[in-house]
Structure formats: C-alpha cells, structure tokens
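Chemist:
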Amino acid sequence: MRDLVNTPAADMGPDALEREARALAAAHDARISVIVGDELLKQNFPLVHAVGRAAAIAPRLIDIAWGRPDAPRVTLIGKGVTFDSGGLDIKSAEGMQLMKKDMGGAAHALGLARMIMEGKLDLSLRVIIPAVENAIAGDAFRPGDIIRSRKGLTVEIGNTDAEGRLVLADAMTLGSEAGPQLMITLATLTGAARVALGPELPPFYCDDEAFARTVLSAAGAVHDPMWRMPLWKPYSSSLSSPIADLNNSPGGSFAGSVIAALFLKRFAPENALWGHFDIYAWRPKAAPGRPAGGEAQVIRAVYAALETHRFG
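If you number the sequence shown the way my numbering does, the last residue is 1610 and the count never jumps.
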C-alpha cells in the first residue's frame, strides 16, 4: 500500500494502477475486468469518464471478484485518482504537492483485498476502482456542467476539484447492483477531514450502530485509530441544485467531510451496510517504526472487523 502511494504519478497512472490490480488478481486466482476510455460511456459510467477524459492516459474502471460466490458479499470501493490537478478549478502549486497520493483509496482497497485473500476469509469479495487522472485540457469537464450519473441522478458540477465523489458515485452504483451485504468506501476525499481531525485520525461514517461498534472496537484492539463522524441529515440540503438532483460542491467551508459523505450516501446500497473512510494515506513526519510518506490507515481495523462480524 505504501509503495503504491509513494510512487510518483508519472509512474503510477491509471494504466499502472490497472497493472497492479491485475497482478494481485493473478496471484490469488481472482477474476478481473477493466473498462477503458470511451467504452465507459457505452457501458454507462459517465462520471468516471467525465473526470478522466482530459488526461493523456485513458480513465478506466477496474473490477475484481474473489471468493466463494455464496459467502457473505463484501464490496470495497477505492478512489483511484492517480493525480489531481483540480481540473479547471485548478489547485495551487502547494495544493498539488502531494496529489500523487490521491489514489490512496485505491491503494487501500487493493491492500485490504490482499489481506483478505491471503487470510482466506470466507467472503465473496469484490473490489471496484475508478482509476483516472483529473487533468486539464480542452475537453476537461467544466464547472456548471450537468452530468447524469449511472444511477440516473443528475449532478451539477460546482467544482471540478470535488472529483473523487463523482468517480466513486458511479463505482458505488455498480457495486450496489449486485446486492452486497457490506460496502466499504476508501478515499482521500476532503481537506476538511484533515482540518477537523488532522492527518492521523481518519473520519469514519456509518449509520448502522452495530457495525459501527464492531469497527470501532476492532480499531481499538489493533491500534488503528479512527473517529466516527455523523451523517447529519439536515446538511443534505447543502447538496441541492436548482437545475439538477445534486451539486457535487455547493460552496461554503462548513462540514466539508460530512457533506461529501452525504453525497456518497445517495449512491450507497439501500439494503446493505455501508461504511465510509475519509483517509489521508500519508504520514507527514517520521516516527519510530513509521516512515514519512504513504501510510495505511483503517484497513487493519476493517480486516479485524470482517473477521468477527456476523452478516445477517
């Protein structure tokens, strides 16, 4: 996981992320399929295509399946933005310094998947990664565009730098169609999470009390810290748009991580558990046994929870 995050974006584009996923699948006899470029439009992944279409390396959707088909169904969704310029709402130079790590959610999903496969957990596992670069070119998606998602909800683009939730939305819709019992989303999603809790304490969102307790108990047991944050429904009105079903970034600086999670919740499976982790995936300063750079967060806790949780 650290190696993937630490690799410069020039060597870890959407195609390289695909190669890593294929290597993992081959090592564990998992099934993998990949949808690339304009085929995303033909197969109805318009948000993934929109975010990645301006890059030199085509966007893609990576889909891995492993395990006994009639085992408990768990789906991992990882944000795979291999570099985030911010798009036309371009980031500052300082803001782009660490954007090679914006695929940290995908790295975490692959790392957790490897743990599950090597641990031989009795699960029907699926891993879905939208792999894109949010680049700037003449055909980049624009603020003010309205894009119909795979789910059918229309999204007004309030800010092209809120791209992670867009690609996750289409991936989550695909994952929901197969009826998982649990969906986990992993993403370096918002700077607001870092403002609220800093780099070492990722926010955790879940509206199922029993599963949330299981995850938090596991986090304490394996010393993998996180902090549960609220899916505060009244803030859902902040996502409203006068001309679409949703706005991906309606403006304002309040509750940014909560509002991003509420956006994702609109695409989560309706009859399943869903947990979302807004991770940083990076250690700014070295500590004993913990080198500076890419860092795994929450996946040891999630693995421990999967070992003990009983699916109904």
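Yeah, the Cβ is synthetic: ideal placement off N, Cα and C, and Gly gets one too.
Between Gly1385 and Thr1458, how many whole angstroms is the CB-CB distance? I'm expecting something under 8 Å.
Modeler: Contact holds; Cβ gap of about 3 Å.
Chemist: Counting along the chain, where does the beta strand (DSSP E) carrying Glu1378 start and finish?
Modeler: The amino acid at residue 1378 is misidentified as Glu; the sequence shows Gly. Here the beta strand (DSSP E) through Gly1378 covers 1378 to 1382.
Chemist: For the stretch 1447 to 1467 against the stretch 1329 to 1338, are there 3 or more C-beta pairs whose distance is under 8 Å?
Modeler: At 8 Å Cβ cutoff, the stretches do not touch.
Chemist: Find out if the Cβ-Cβ distance for the pair Val1425, Leu1374 is shorter than 8 Å.
Modeler: Yes, Cβ-Cβ distance for Val1425 and Leu1374 is below 8 Å.
Chemist: Which partner residues of Ala1429 appear in the DSSP bridge assignment?
Modeler: Looking at the DSSP assignment, Ala1429 forms a beta bridge with Arg1358, Gly1378.
Chemist: What residue ranges within the stretch 1306 to 1361 form continuous alpha helix (DSSP H) runs of no fewer than 4 residues, ordered along the chain?
Modeler: Runs of the alpha helix (DSSP H) inside the stretch 1306 to 1361: 1312 to 1325, 1337 to 1340, 1344 to 1350.
Chemist: In chain order, which continuous runs of the alpha helix (DSSP H) of length 4 or greater are located wholly inside the stretch 1521 to 1552?
Modeler: Entirely contained in the stretch 1521 to 1552, not one alpha helix (DSSP H) run reaches 4 residues.
Chemist: Do the CB positions of Asp1420 and Ala1369 come within less than 8 Å of each other?
Modeler: For Asp1420 and Ala1369, yes; Cβs fall inside 8 Å.
Chemist: Among the residues of its own chain, which have a CB less than 8 Å from the CB of Pro1497, if the five just before and after it don't count?
Modeler: These residues qualify, in order along the chain: Tyr1578, Trp1580, Arg1581, Pro1582.
Chemist: Using 10 angstroms around the beta-carbon of Gln1595, count the other beta-carbons present and answer buried if the total reaches 16, otherwise exposed.
Modeler: Its Cβ being crowded by 16 or more others within 10 Å, Gln1595 is buried.
Chemist: Beta-carbon within less than 8 Å of Ala1570's beta-carbon, same chain only, minus the 5 sequence neighbours each way: which residues are those?
Modeler: Taken in chain order, the residues that qualify are Ser1474, Gly1477, Pro1478, Gln1479, Leu1480, Met1481.
Chemist: Quick one: is Pro1357 buried, meaning 16 or more other Cβ sit within 10 Å of its Cβ, or exposed?
Modeler: Looking at its Cβ environment, which holds 16 or more other Cβ atoms inside 10 Å, Pro1357 is buried.
Chemist: Can you tell me which of the three DSSP states Glu1475 falls into?
Modeler: Glu1475 falls in the helix class under three-state DSSP.
Chemist: On a CA-only basis, which of Ala1467, Ala1491, Pro1548, Thr1512 is nearest Phe1565? Give me that one, please.
Modeler: It is Ala1467 whose Cα lies nearest to the Cα of Phe1565.
Chemist: Nearest CA to the CA of Val1379: which residue from Arg1526, Phe1552, Asn1432?
Modeler: Per the Cα distances, Asn1432.
Chemist: I'd like to check one pair, Val1303 with Gly1402: are the Cβ atoms closer than 8 Å?
Modeler: Contact: yes.
Chemist: What residue range does the beta strand (DSSP E) around Met1481 cover?
Modeler: Residues 1480 to 1485.
Chemist: Leaving out five residues on either side along the sequence, give the residues of the same chain with a beta carbon under 7 Å from the beta carbon of Ile1355.
Modeler: The answer, listed in chain order, is Gly1311, Pro1312, Asp1313, Glu1431.
Chemist: Locate the beta strand (DSSP E) running through Leu1571, then write down its first and last residues.
Modeler: Per DSSP, Leu1571 belongs to the beta strand (DSSP E) from 1571 to 1576.
Chemist: If Lys1377 sits next to Ala1485, beta carbons under 8 Å apart, how far is it from one beta carbon to the other, in whole angstroms?
Modeler: About 4 Å; that satisfies the 8 Å criterion.
Chemist: Is Glu1507 helix, strand or coil by DSSP?
Modeler: Reduced to three states, the DSSP call for Glu1507 is helix.
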